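Enquirer:
Numbering (this note's numbering), first residue to last: 1 to 125.
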């Protein structure tokens with residue numbers, strides 16, 4: 001198995017994909033998996049692309065996702081239905097804004113359900 005480990009993407013989807021491609025990640029290769037060590041969201045502008053890619057990767061069992069502080073911030077926004085000063089300074093509001101602008105109906109509900117499931121994983125051989 002070959003693992004491609006990434007952290008702190010912050011919705012820079014294009015840069016992430018460029019890095020994966022330059023490191024010869026192949027989604028069709030059964031021995032390739034991506035490990036994201038948190039902070040896939042907030043700050044960048046490719047929220048929907050990132051979310052759709054993460055869902056596809058999870059569906060194909062190609063993703064291990066470890067939760068970090070930006071996932072906590074997003075879950076707090078959904079749980080408490082409010083945006084705080086820290087959400088503005090950390091860029092969380094940008095993720096919510098991009099999701100709200102998307103006209104595909106279920107995207108916010110899908111994201112809300114997905115972010116609640118993201119958790120820390122323990123890998124054992």
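We put the CB at the ideal spot given by N, CA and C, even for glycine.
As the structure is a prediction and not an experimental result, all values here were calculated from the model.
1. Name the two residues that bound the continuous alpha helix (DSSP H) containing residue 51.
2. Quick one: residues in its chain with C-beta nearer than 7 Å to the C-beta of residue 51, no 5 flanking neighbours on either side, listed in chain order?
3. Assuming contact is defined by CB atoms lying nearer than 8 Å, are residue 36 and residue 7 in contact in what I supplied?
4. Going by CA-CA distance only, name the one from 11, 4, 2 and 3 that's closest to residue 90.
5. Give a yes or no on whether the C-beta atoms belonging to residue 47 and residue 95 are separated by under 8 Å.
Expert: Reading it off the structure:
1. Segment 47-59, the alpha helix (DSSP H) holding residue 51.
2. 111
3. In this structure, residue 36 sits near residue 7, with a CB-CB distance shorter than 8 Å.
4. 11
5. One thing to note: residue 47 has its Cβ within 8 Å of the Cβ of residue 95.
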